[in-house]
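The sequence shown begins at 6 in the numbering used here and counts up by one. Written below as structure tokens is the structure these notes are about.
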Amino acid sequence: MNGDGEDDNRHDDVDGNTGVIIETRPETKKPSMYKVLMLNDDYTPMEFVVHVLERFFAMTTEQATEVMLSVHRRGVGICGVFPYEVAETKVTQVMDFARQHQHPLQCTLEKD
Numbered sequence: 006m007n008g009d010g011e012d013d014n015r016h017d018d019v020d021g022n023t024g025v026i027i028e029t030r031p032e033t034k035k036p037s038m039y040k041v042l043m044l045n046d047d048y049t050p051m052e053f054v055v056h057v058l059e060r061f062f063a064m065t066t067e068q069a070t071e072v073m074l075s076v077h078r079r080g081v082g083i084c085g086v087f088p089y090e091v092a093e094t095k096v097t098q099v100m101d102f103a104r105q106h107q108h109p110l111q112c113t114l115e116k117d
């Protein structure tokens, strides 16, 4: 309480000045994004490529077929764009799955 009977809710520092606390937040930077690319080969069946795209990239059959045809016609197709760790994991999953099924399917990542 101050001298006139009112509550004194001010917090004074040592020299009697009232201070203001400013909360600062560190700026969060968006992560770099990477494209997961599928490369064409002459041996992996188109049906297997569609299956991989549906399974690992959550594509519909129509979307997967479009990407597969892009891979077939242009030699490369974009499976998706992800933060680095996610892209790297998807590349590894696809490559491991292809090897388990004895297909030479190649997948890589590239900075977007």
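The beta carbon of each residue, even a glycine, is placed where N, CA and C say it ideally should be. If you're wondering where the values come from, they're calculated on a predicted model, not measured in any experiment.
- For proline 36, same chain residues with a beta-carbon under 6 angstroms away, outside a window of 5 residues either side, are Pro88 in chain order.
- Remark: three or more beta-carbon pairs, one from each stretch, lie closer than 8 angstroms, so the region 109-117 and the region 39-46 are flagged as touching.
- The C-beta distance from methionine 73 to valine 96 rounds to 17 angstroms, too long to meet the 8 angstroms contact threshold.
- Comparing alpha-carbon positions, the option among Glu32, Asp46, Pro31, His108 lying closest to glycine 80 turns out to be Asp46.
- For lysine 95, the enclosing alpha helix (DSSP H) starts and ends at 89-105.
- The Cβ atoms of glutamate 59 and threonine 49 do not sit closer than 8 angstroms to each other.
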